[in-house]
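Structure first, commentary second.
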Amino acid sequence: MVKYIFLFFFVSFSLAFSQKGFQRGEDRKPEFNLHKAVFIEPHAIPFDSLYKCYFTYKIPFNNILFLKDGENFTGGISLKLEVHKGDAYLKSETVSKKITVTNYDLTNSDNDFLEGLLTIYLNEGNYTIKPLLNIENLNKDILIPPFPLEIKITEPANIFDPIVNL
């Protein structure tokens, strides 16, 4: 009888603690898991009295929720970049993109990306960029950690830092 009680508790605990998203001591629901990082890279170029800031972004396909649409699979995102100076909100820019693929294997790929570009005009100064990603078909906002952006006067040059696409 003792063996059966031990076996019951062993199976119960192994099933309970092996569940995905289980965290001891915290009453949190599992979050949407981004399989691979979302890449956002800023580039500032002098433009008249302002700076033209280009933000390139890459989102792996396996972070996008695709739905079957006939013989194709469609998904999309909405990326919002909020610009803050100190605690003050200055402006934001939003881009929405849809993508359609014909091969199911591409929907789970971490080597294929949805890429794009956002442009924001800023003055010289220190800013905090707060990205917010919304996955279409999921209707859930995913917070990406904010990052600092320093825009300062540089000596004029004909060659700028390269934009590297890996």
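Residues are numbered in the numbering used here as their position in the sequence shown, beginning at 1, plus a constant of 832. No residue lacks a Cβ here, since even glycine has one placed at the ideal position from N, Cα and C.
Practice problem: List the DSSP bridge partners of residue 888. | Solution: Stepping through the sequence shown from its first residue, residue 888 is reached at position 56. Partner(s): 873 and 949.
Quiz item: Rounded to the nearest angstrom, how far is the Cβ of residue 956 from that of residue 983, given a contact under 8 Å?
Solution: On the sequence shown, position 124 is the one that residue 956 refers to. On the sequence shown, position 151 is the one that residue 983 refers to. Correct: roughly 5 Å between the Cβ atoms.
Exercise. Would you tell me roughly how many angstroms separate the C-alpha atoms of residue 891 and residue 869, rounded to the nearest one?
Key: The residue labelled residue 891 in the question sits at position 59 within the sequence shown. The residue labelled residue 869 in the question sits at position 37 within the sequence shown. For residue 891 and residue 869, the distance between alpha carbons rounds to 8 Å.
Exercise. For the alpha helix (DSSP H) holding residue 911, just list the boundary residues, first then last.
Key: Counting from one through the sequence shown, the residue named residue 911 turns up at place 79. Where residue 911 is concerned, there is no enclosing alpha helix (DSSP H), although the beta strand (DSSP E) it sits in stretches over 904-917.
Quiz prompt | Residue(s) in a DSSP beta bridge with residue 926 | solution = Sequence index remark: in the sequence shown, residue 926 carries index 94 (1-based). Paired residues: 912.
Self-check item: Paired residues, beta bridge with residue 980 - DSSP
Solution: Counting from 1 along the sequence shown, the entry for residue 980 is found at position 148. Beta-bridge pairing links residue 980 to 960.
Exercise. Spatial neighbours of residue 981 within its chain, please: CB distance less than 6 Å, with the 5 preceding and 5 following residues excluded, ordered by chain position.
Key: Within the sequence shown, numbered from 1, the residue matching residue 981 stands at position 149. Contacts found: 874, 959 and 961.
Exercise. Following the continuous alpha helix (DSSP H) through residue 937, name the residue where it begins and the one where it ends.
Key: Your numbering for residue 937 matches position 105 in the sequence shown. Here the alpha helix (DSSP H) through residue 937 covers 936-939.
Quiz item: Alpha carbon to alpha carbon, what distance is there between residue 966 and residue 886?
Solution: Within the sequence shown, the letter at position 54 stands for residue 886. Within the sequence shown, the letter at position 134 stands for residue 966. If I take the Cα positions, the gap works out to 20 Å.
Exercise. Return the chain-ordered list of same chain residues with a C-beta closer than 8 Å to the C-beta of residue 953, the five sequence neighbours on each side being excluded.
Key: Residue numbering aside, residue 953 sits at position 121 when the sequence shown is read from its first letter. Contacts found: 879, 882, 883, 884 and 885.
Exercise. Indicate whether residue 897 and residue 971 have their beta-carbon atoms separated by less than 7 Å.
Key: For this step, residue 897 is matched to residue 65 along the sequence shown. For this step, residue 971 is matched to residue 139 along the sequence shown. Result no, Cβ atoms of residue 897 and residue 971 do not sit closer than 7 Å.
Practice problem: State the CB to CB distance for the pair residue 1014 and residue 889, rounded to an integer number of angstroms; the pair is presumed to be in contact (CB under 8 Å). | Solution: Shown here, the chain extends from 833 to 998; a query on residue 1014 therefore has no answer.
Quiz prompt | residue 933 versus 918, 911 and 903, residue with shortest Cα-Cα distance | solution = For the purposes of this step, residue 933 is taken as residue 101 along the sequence shown, with counting starting at 1. Nearest option by C-alpha distance: 903.
Quiz prompt | Neighbourhood of residue 929 by C-beta, 7 Å cutoff - its chain only, sequence neighbours within 5 removed | solution = As a position in the sequence shown, residue 929 is number 97, starting the count at 1. So the qualifying residues of the chain are 908, 909, 946 and 948.
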